[in-house]
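Inspection log for the structure reproduced underneath, given as structure tokens.
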Ligand SMILES: [Ca+2]
Ligand SMILES: [Ca+2]
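Residue numbers (the numbering used here): 9 to 91.
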């Protein structure tokens with residue numbers, strides 16, 4: 009059982025239906041799924057910043073920038089959570 013003082017447990021359900029903000033962390037291309045397409049979209053963005061992506065969703069590791077570390081974070085997520 010979790011109490012308010014405890015850290016919120018991280019679950020896949022929190023990712024799929026976040027009450028707010030309205031995006032799925034890791035869903036770089038905004039198609040409501042996190043899969044390998046988001047990895048390739050993020051890599052494309054890193055190579056060409058003119059590509060439009062969901063910057064908040066792309067910041068997979070929660071620091072203040074979108075970079076190659078987020079690519080590896082999404083890959084880690086996919087390896088852990090399927091696809
Ligand atoms: Ca996606
Ligand atoms: Ca980041």
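Every residue gets a Cβ at the ideal spot worked out from N, C-alpha and C, and that includes glycine. Predicted model, so just to flag it, every value in this text is computed and none were measured.
What's the C-alpha gap between residue i and residue j?
i: residue 39; j: residue 32; result: 9 Å
i: residue 36; j: residue 61; result: 6 Å
i: residue 82; j: residue 75; result: 11 Å
i: residue 58; j: residue 48; result: 15 Å
i: residue 41; j: residue 66; result: 13 Å
Go to residue i, then tell me how far its alpha helix (DSSP H) extends in each direction, as first and last residue.
i: residue 63; result: 63–66
i: residue 33; result: No alpha helix (DSSP H) contains residue 33, which DSSP labels as neither H nor E.
i: residue 78; result: 76–89
i: residue 59; result: From DSSP, residue 59 is part of no alpha helix (DSSP H); its letter is neither H nor E.
Report the CB separation of residue i from residue j in whole angstroms; it is logged as a contact under 8 Å.
i: residue 68; j: residue 85; result: 7 Å
i: residue 79; j: residue 55; result: Going by Cβ atoms, the distance from residue 79 to residue 55 rounds to 11 Å, so no, they are not a contact pair.
i: residue 34; j: residue 46; result: 6 Å
*What residues does ligand 4 have around it, judged by CB closer than 5 Å to any heavy atom, in chain order?*
Looking at this structure, you won't find ligand 4 anywhere; what it does contain is ligand 1 and ligand 2.
*Could you name the residues, in chain order, whose CB is less than 5 Å away from a heavy atom belonging to ligand 1?*
That query returns the following residues: 35, 37, 39, 41, 46.
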